[in-house]
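The sequence shown runs 28 to 107 under the numbering used here. The structure appears below as structure tokens.
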Amino acid sequence: MGTIETLAQKLAVDTLKVQDASGEDRFYVEVGQVLGAASQSLEEAFLTEIRVRLAERKARDFLNKKVADLQAQLGAKGDA
């Protein structure tokens, strides 16, 4: 992994921690704007890292809900 990807990954992890703690859903946009003023390459890599991580969260939430629903259905059938 190159320098830009490594820095983008670390920034994305730290940004999402602050975003989660603060409740500001679009905090990463502000960080991206600061990055864009200094390095467009780092901004693009950062935003890609953020998008991938946010997409993974949504997919994981969906998957966990589906598993919980299936377990509830199986539990309801077992009780019947």
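Every residue, glycine too, gets a C-beta built ideally from N, C-alpha and C.
Can you check whether the CB of PHE73 is closer than 8 Å to the CB of ALA39? Yes, they are a contact pair.
Using only alpha-carbon positions, find the residue among GLU32, ASP106 and GLY105 that is nearest to SER68. Taking the Cα of SER68 as reference, the smallest distance to any Cα among GLU32, ASP106 and GLY105 is reached at GLU32.
Assign SER66 to one of three DSSP states: helix, strand, or coil. Coil, per DSSP.
Is ASP88 helix, strand or coil when you go by DSSP? Three-state result, ASP88: helix.
So GLU51 is in the alpha helix (DSSP H); what residue range does that whole segment cover? In this chain, GLU51 is not harboured by any alpha helix (DSSP H), its DSSP state being neither H nor E.
Does the separation of the CB atoms of PHE48 and GLU76 fall below 8 Å? The sequence shown places Ala at residue 48, rather than the Phe named in the question. Against a cut-off of 8 Å, the Cβ pair of GLU76 and ALA48 comes out as no contact.
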